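Enquirer:
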Amino acid sequence: MEEQRHFHGEEQGHDHMHPDRRLHVVHGSSEHHHHNPQASTAGLTEKDPVCGMTVSADSRFHAAHQGKTYRFCSEKCESKFVADPPRYVAASADVAPAPAEDGTIYTCPMHPQIRQDRPGNCPICGMTLEPVIPELSEEENPELVDFQRRFWWTLPLTAVVFILAMFGHRYRWMEPSVQSWVELALATPVVLWAGYPFFERCAQSFIHRSPNMWTLIGLGTGAAYVYSVVATIAPGVFPETFAVHGRVGVYFEAAAVIISLTLVGQVLELRARSQTSAAIKSLLGLAPKTARRINPDGSEEDVPLSHVHVGDRLRVRPGEKVPVDGVIIEGTSSLDESMITGEPIPITKRVGDHVIGATMNASGSLVIESEKVGSQTVLSQIVQMVAQAQRSKAPMQRMADKVAGVFVVAVVAVAVLTFFAWGLFGPQPSWGYGLINAVAVLIIACPCALGLATPMSIMVASGKGATTGVLFRDAAAIENLRKVDTLIVDKTGTLTEGKPAFERSVGISGFSDVEVLRLAASLDQGSEHPLAATIVEAARQQNLTLDKAEDFESSTGIGVRGTVAGKKLALGNTVLMETEGVSTTVMSQAGDELRAHGASVMYLAVDGALAGLLAVSDPIKATTAEALERLKEKGIRVVMATGDGVVTAKAVAAKLGIDEFHGEVKPADKLALVSKFQSEGRVVAMAGDGINDAPALAKADVGIAMGTGTDVAMNSAQVTLVKGDLRGISRARQLSEATIANMKQNLGFAFIYNALGVPLAAGVLYSATGLLLSPMIAALAMSLSSVSVVSNALRLRRTEV
Numbered sequence: 001m002e003e004q005r006h007f008h009g010e011e012q013g014h015d016h017m018h019p020d021r022r023l024h025v026v027h028g029s030s031e032h033h034h035h036n037p038q039a040s041t042a043g044l045t046e047k048d049p050v051c052g053m054t055v056s057a058d059s060r061f062h063a064a065h066q067g068k069t070y071r072f073c074s075e076k077c078e079s080k081f082v083a084d085p086p087r088y089v090a091a092s093a094d095v096a097p098a099p100a101e102d103g104t105i106y107t108c109p110m111h112p113q114i115r116q117d118r119p120g121n122c123p124i125c126g127m128t129l130e131p132v133i134p135e136l137s138e139e140e141n142p143e144l145v146d147f148q149r150r151f152w153w154t155l156p157l158t159a160v161v162f163i164l165a166m167f168g169h170r171y172r173w174m175e176p177s178v179q180s181w182v183e184l185a186l187a188t189p190v191v192l193w194a195g196y197p198f199f200e201r202c203a204q205s206f207i208h209r210s211p212n213m214w215t216l217i218g219l220g221t222g223a224a225y226v227y228s229v230v231a232t233i234a235p236g237v238f239p240e241t242f243a244v245h246g247r248v249g250v251y252f253e254a255a256a257v258i259i260s261l262t263l264v265g266q267v268l269e270l271r272a273r274s275q276t277s278a279a280i281k282s283l284l285g286l287a288p289k290t291a292r293r294i295n296p297d298g299s300e301e302d303v304p305l306s307h308v309h310v311g312d313r314l315r316v317r318p319g320e321k322v323p324v325d326g327v328i329i330e331g332t333s334s335l336d337e338s339m340i341t342g343e344p345i346p347i348t349k350r351v352g353d354h355v356i357g358a359t360m361n362a363s364g365s366l367v368i369e370s371e372k373v374g375s376q377t378v379l380s381q382i383v384q385m386v387a388q389a390q391r392s393k394a395p396m397q398r399m400a401d402k403v404a405g406v407f408v409v410a411v412v413a414v415a416v417l418t419f420f421a422w423g424l425f426g427p428q429p430s431w432g433y434g435l436i437n438a439v440a441v442l443i444i445a446c447p448c449a450l451g452l453a454t455p456m457s458i459m460v461a462s463g464k465g466a467t468t469g470v471l472f473r474d475a476a477a478i479e480n481l482r483k484v485d486t487l488i489v490d491k492t493g494t495l496t497e498g499k500p501a502f503e504r505s506v507g508i509s510g511f512s513d514v515e516v517l518r519l520a521a522s523l524d525q526g527s528e529h530p531l532a533a534t535i536v537e538a539a540r541q542q543n544l545t546l547d548k549a550e551d552f553e554s555s556t557g558i559g560v561r562g563t564v565a566g567k568k569l570a571l572g573n574t575v576l577m578e579t580e581g582v583s584t585t586v587m588s589q590a591g592d593e594l595r596a597h598g599a600s601v602m603y604l605a606v607d608g609a610l611a612g613l614l615a616v617s618d619p620i621k622a623t624t625a626e627a628l629e630r631l632k633e634k635g636i637r638v639v640m641a642t643g644d645g646v647v648t649a650k651a652v653a654a655k656l657g658i659d660e661f662h663g664e665v666k667p668a669d670k671l672a673l674v675s676k677f678q679s680e681g682r683v684v685a686m687a688g689d690g691i692n693d694a695p696a697l698a699k700a701d702v703g704i705a706m707g708t709g710t711d712v713a714m715n716s717a718q719v720t721l722v723k724g725d726l727r728g729i730s731r732a733r734q735l736s737e738a739t740i741a742n743m744k745q746n747l748g749f750a751f752i753y754n755a756l757g758v759p760l761a762a763g764v765l766y767s768a769t770g771l772l773l774s775p776m777i778a779a780l781a782m783s784l785s786s787v788s789v790v791s792n793a794l795r796l797r798r799t800e801v
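Be aware that the sequence shown starts at 1, since it is given in the UniProt record's numbering, and climbs by one per residue.
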């Protein structure tokens with residue numbers, strides 16, 4: 001039973017990720033792929049031969065040409081390719097992605113569907129791609145280092161240009177025409193070198209036909225700079241109305257300051273974004289770098305963790321971390337598992353107990369046999385689940401995506417309208433005003449803030465959940481959990497421990513209670529049934545001497561038979577007793593009372609006569625009552641559905657105060673129950689841990705699996721409670737509520753910011769106030785908007801759950 005309940009099961013060499021998870025990572029020395037039929041393509045990427053965008057290798061848009069399948073980002077690209085394949089095949093022949101050297105997959109924080117095997121920029125938004133699973137490294141982000149270098153090296157030039165533009169005409173430090181040439185010389189390195197990454201991304205946005213934030217920045221600063229260069233080199237081409245303070249007006253300071261402020265904004269944003277992956281990095285940092293391996297000759301040596309294999313014997317000394325998942329074969333100790341399960345109380349572990357890699361051995365020395373290494377360990381599975389959740393899209397983001405899709409085009413249209421409106425109808429120099437206001441419109445609009453609003457919240461919430469023992473499979477689970485009003489719970493392994501515990505034995509006809517236990521345990525030594533193991537363990541704890549069983553025979557579902565010390569024994573339920581011709585009437589009342597308290601009853605017959613009964617129960621988890629009380633306080637309807645008998649189900653429901661329960665239900669019945677509640681308009685969550693719960697977990701609006709349960713259950717669920725503690729549902733719900741509130745704040749801020757900023761930059765308030773928004777102030781506001789969204793998302797790390 002314990003082997004069955006261990007996190008992620010015992011099957012080696014299989015990926016237990018859900019088929020929808022398209023992760024392709026290398027952890028340690030072991031490459032990890034999932035085992036669904038798409039294994040050859042999941043997590044891999046290709047180039048769309050039409051637009052050059054990176055697309056998933058299992059994109060639903062595809063077409064075959066000359067025996068090769070090409071994949072596309074959209075139906076539009078697919079149609080173009082089908083109309084003229086040779087044209088696009090030739091164009092894409094030299095841009096095939098090179099194989100990854102280290103297996104790292106890169107993705108976009110705002111567009112997780114973008115995945116490729118090398119660093120680069122997102123073809124949709126231009127944002128720098130980052131590893132799906134961050135690397136545990138002391139090195140600073142290379143993009144952050146580059147932006148800081150560009151900023152600090154050009155800041156003095158920007159400052160001088162700004163001072164000349166603001167005060168040069170007042171103090172007449174030089175002739176106006178000469179000042180224009182000086183500003184050109186100073187601003188050019190700032191715009192062309194410091195701003196090169198921005199213009200590169202702007203150009204890519206046109207190549208990929210995906211206008212974004214960099215489109216606006218590139219157009220705005222580029223227009224201001226090119227106009228100023230022409231005004232400096234050939235001022236005669238402009239009408240006299242363009243002259244200001246003895247020269248044709250130039251705006252080198254606007255272009256330079258915008259570039260510098262954008263660099264500042266990117267530096268601040270990159271620093272803030274790096275904190276959103278802090279949870280994964282802290283998880284990665286939990287694993288020790290080495291393990292102490294015991295060799296076949298008894299010698300011991302410290303080896304790198306990547307050199308540990310399944311079946312190795314490892315010594316874990318007091319104060320050391322358990323290197324990998326395994327089973328204790330020598331020693332007893334207390335282990336602190338809080339870093340993995342969120343459970344703060346150390347747990348005593350003995351021979352035969354399973355241990356989780358990266359947990360801390362507090363006191364005694366242990367020898368363990370490794371069972372899971374590399375990407376198969378609990379820690380690696382948690383890291384991959386958190387990374388998957390962080391890179392998934394929440395349903396709420398669909399609205400933001402739709403808006404962002406037309407946002408940039410609308411802003412460019414507003415900027416053009418602003419330019420001509422001011423040029424034709426504004427005060428002199430009207431076209432100068434038109435240019436500056438158009439640039440301000442382009443710069444202040446920030447689709448980046450809109451795009452980051454939900455992904456940043458999801459990333460932080462996923463990491464926060466992992467530190468409290470709650471793993472979300474995707475963003476939809478985080479968003480939907482707060483809506484749940486009905487919770488269906490399995491009994492065994494969910495409400496209860498899922499591990500049978502011996503309760504008592506009762507003897508009659510001259511057999512003592514102890515003798516009944518001894519005989520039953522002697523017979524059960526040959527059985528692999530979980531209940532048999534419980535009875536044998538109970539006898540050994542009482543130091544009873546067990547005899548060898550002969551002629552052992554197991555009858556599935558009813559019990560076992562055999563000979564012990566010359567006596568013919570039969571141990572099982574009433575069906576077995578009837579088969580043996582043994583009446584249980586004399587003990588029926590005692591059996592019914594035990595069942596009424598939730599126990600399973602087995603009868604023992606010796607030489608054809610009833611000798612007594614044994615009761616084994618599945619204890620209710622110590623945290624279950626508190627967890628259910630919390631859920632009821634939130635107005636959630638709790639329904640128990642179990643395959644156990646109605647009498648046992650009723651007893652457990654009564655103990656826990658559950659008003660509605662269903663006993664003797666099959667997997668199909670649980671599935672039907674979920675469908676029934678959904679048809680009534682309820683939002684249903686299903687919590688379970690067994691294979692029989694999988695259909696209902698998949699059908700429910702939110703499936704919640706116990707981390708102590710089976711792989712099938714966890715692969716069918718959207719949320720996993722690492723420790724199997726139902727209080728995690730309440731914590732997950734609180735986190736869901738806090739996350740959605742945070743996402744709404746971010747989206748609201750982004751919408752309000754642009755709704756107010758764009759009209760202000762266009763100068764709609766000029767007639768009433770006489771004030772215009774400088775492009776430099778617009779650049780500062782644009783940079784701070786993205787930083788504020790990320791900073792607000794980081795507040796989720798302090799949420800109490």
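Ideal Cβ placement from N, Cα and C applies to all residues, glycine included. No experiment lies behind these values; they were computed from the predicted model shown.
1) Would you tell me roughly how many angstroms separate the C-alpha atoms of residue 558 and residue 658, rounded to the nearest one?
2) Mind the definition here: the segment 727 to 744 touches the segment 460 to 471 only if three or more C-beta pairs lie below 8 Å; say whether that holds.
3) Need the endpoints of the alpha helix (DSSP H) that residue 591 sits in, please.
4) For the beta strand (DSSP E) containing residue 706, name the first residue and the last one.
5) Which ranges does the alpha helix (DSSP H) cover as unbroken runs of at least 4 residues, wholly within the segment 597 to 650, from first to last along the chain?
6) Using a Cβ-Cβ cut-off of 7 Å (strictly less than) and excluding sequence neighbours within five positions of residue 789, which residues of its own chain qualify?
7) Verify whether the separation of the beta carbon atoms of residue 362 and residue 323 is less than 8 Å.
8) I'd like the list of long-range same chain contacts for residue 675, defined as Cβ closer than 6 Å, with 5 residues on each side in sequence excluded.
9) Going by beta-carbon coordinates alone, are residue 535 and residue 521 separated by less than 8 Å?
10) Tell me which residues share the same chain as residue 126 and place their Cβ nearer than 7 Å to its Cβ, disregarding the 5 neighbours each side in the sequence.
11) Give the straight-line distance between the Cα atoms of residue 107 and residue 141, rounded to the nearest whole angstrom.
12) My assumption, with CB atoms under 8 Å, is that residue 387 sits in contact with residue 132. Please give the rounded CB distance.
13) Is the distance from the Cβ of residue 383 to the Cβ of residue 284 below 8 Å?
14) Using DSSP with H/G/I as helix, E/B as strand and the rest coil, what is residue 501?
15) In whole angstroms, what is the alpha-carbon distance linking residue 476 and residue 424?
16) Counting along the chain, where does the beta strand (DSSP E) carrying residue 551 start and finish?
17) Between the segment 496 to 507 and the segment 610 to 622, are three or more C-beta pairs nearer than 8 Å?
18) Between which two residues does the alpha helix (DSSP H) carrying residue 369 extend?
19) Would you check if the distance between the CB atom of residue 518 and the CB atom of residue 544 is smaller than 8 Å?
20) Have a look at 416, 523 and 196 and flag the residue whose alpha-carbon is nearest the alpha-carbon of residue 554.
21) Can you list, in chain order, the residues of its chain whose CB lies under 8 Å from that of residue 367, leaving out five sequence neighbours each side?
22) Under 8 Å, do residue 378 and residue 761 count as touching if we go by C-beta distance?
23) Going by DSSP in three states, residue 693 sits in which element: helix, strand or coil?
24) Would the segment 63 to 72 count as touching the segment 80 to 89 if we require 3 or more Cβ pairs under 8 Å?
25) Measure how close the beta-carbons of residue 228 and residue 252 come, nearest whole angstrom, since I'm counting them as under 8 Å.
26) Looking at the structure shown, is residue 743 part of a helix, part of a strand, or coil, going by DSSP?
27) With DSSP as the reference, please indicate the residues paired to residue 563 in a beta bridge.
28) Once the 5 residues before and after residue 148 are set aside, which same chain residues still bring their CB inside 7 Å of it?
29) With respect to the alpha helix (DSSP H) encompassing residue 436, which residues constitute its N-terminal and C-terminal limits?
30) Suppose you measure from the CA of residue 497 to the CA of residue 73; what does that come to, to the nearest Å?
31) Taking its Cβ as the centre, do 16 or more other Cβ atoms sit within 10 Å of residue 647, making it buried, or is it exposed?
32) Going by the beta-carbon positions, is the gap between residue 547 and residue 565 smaller than 8 Å?
33) Look up residue 486 in the DSSP assignment and say whether it is helix, strand or coil.
34) If you compare alpha carbons, which of 433, 537, 624 and 134 is closest to residue 766?
35) If I follow the unbroken alpha helix (DSSP H) through residue 217, where does it start and stop?
36) Compare the Cα-Cα distances from residue 550 to each of 487, 353, 567 and 538 and report the closest residue.
Expert: To lay it out plainly:
1) Taking the straight line joining both Cα atoms gives about 30 Å.
2) These segments touch.
3) Taken as a continuous stretch (DSSP letters only), the alpha helix (DSSP H) holding residue 591 covers 588 to 596.
4) 702 to 706 is the extent of the beta strand (DSSP E) around residue 706.
5) Taken in chain order, the complete alpha helix (DSSP H) segments of 4 or more residues contained in the segment 597 to 650 are 624 to 633.
6) If we look at residue 789 and ignore the five residues flanking it on each side, its Cβ neighbours are 449, 452, 453, 456, 746, 749 and 750.
7) Using a Cβ distance threshold of 8 Å, residue 362 and residue 323 do not count as a contacting pair.
8) Cβ within range, chain order: n/a, list empty.
9) Cβ atoms of residue 535 and residue 521: closer than 8 Å.
10) If we look at residue 126 and ignore the five residues flanking it on each side, its Cβ neighbours are 201, 204, 205, 212, 213 and 214.
11) If I take the Cα positions, the gap works out to 15 Å.
12) With a Cβ gap of about 6 Å, residue 387 and residue 132 count as contacting.
13) Their beta carbons are under 8 Å apart, which means residue 383 touches residue 284 by this criterion.
14) Looking at residue 501 - three-state DSSP - the assignment turns out to be strand.
15) Answer to the nearest angstrom: the Cα atoms are 50 Å apart.
16) Unbroken beta strand (DSSP E) run through residue 551: 549 to 555.
17) Put simply, the segment 496 to 507 touches the segment 610 to 622. At least three CB pairs are less than 8 Å apart.
18) Secondary structure note for residue 369: it is in no alpha helix (DSSP H), and the uninterrupted beta strand (DSSP E) holding it is 366 to 372.
19) If you check the CB distance, residue 518 and residue 544 come in under 8 Å.
20) Selected option, being the one with the closest Cα: 523.
21) Take residue 367, set aside five residues on each side of it, and the residues of its chain with a beta-carbon closer than 8 Å to its own are 294, 313, 314, 315, 316, 328, 329, 330 and 331, in chain order.
22) No, these two residues do not count as a Cβ contact at 8 Å.
23) Correct three-state label for residue 693: helix.
24) In short, these stretches touch, since the Cβ pair count reaches three.
25) Indeed, because the Cβ distance is near 5 Å, the residues count as touching under 8 Å.
26) Of the three classes helix, strand and coil, the one that applies to residue 743 here is helix, per DSSP.
27) According to DSSP, residue 563 bridges with 550 and 568.
28) Only residues of its own chain outside the window of five on either side were considered, and among them 267 have a CB closer than 7 Å to the CB of residue 148, listed in chain order.
29) It spans 430 to 444 - the alpha helix (DSSP H) in which residue 436 sits, taken as one unbroken run.
30) Inter-residue distance for residue 497 and residue 73 is about 48 Å (C-alpha atoms, whole angstroms).
31) The Cβ neighbour count for residue 647, taken over all protein chains shown within 10 Å, is under 16; the residue is labelled exposed.
32) Their beta carbons are under 8 Å apart, which means residue 547 touches residue 565 by this criterion.
33) Collapsing the DSSP output to three states places residue 486 in a strand.
34) Out of 433, 537, 624 and 134, 433 has the C-alpha closest to the C-alpha of residue 766.
35) Counting along the chain, the unbroken alpha helix (DSSP H) around residue 217 starts and ends at 213 to 233.
36) Cα-wise, what sits closest to residue 550 is 567.
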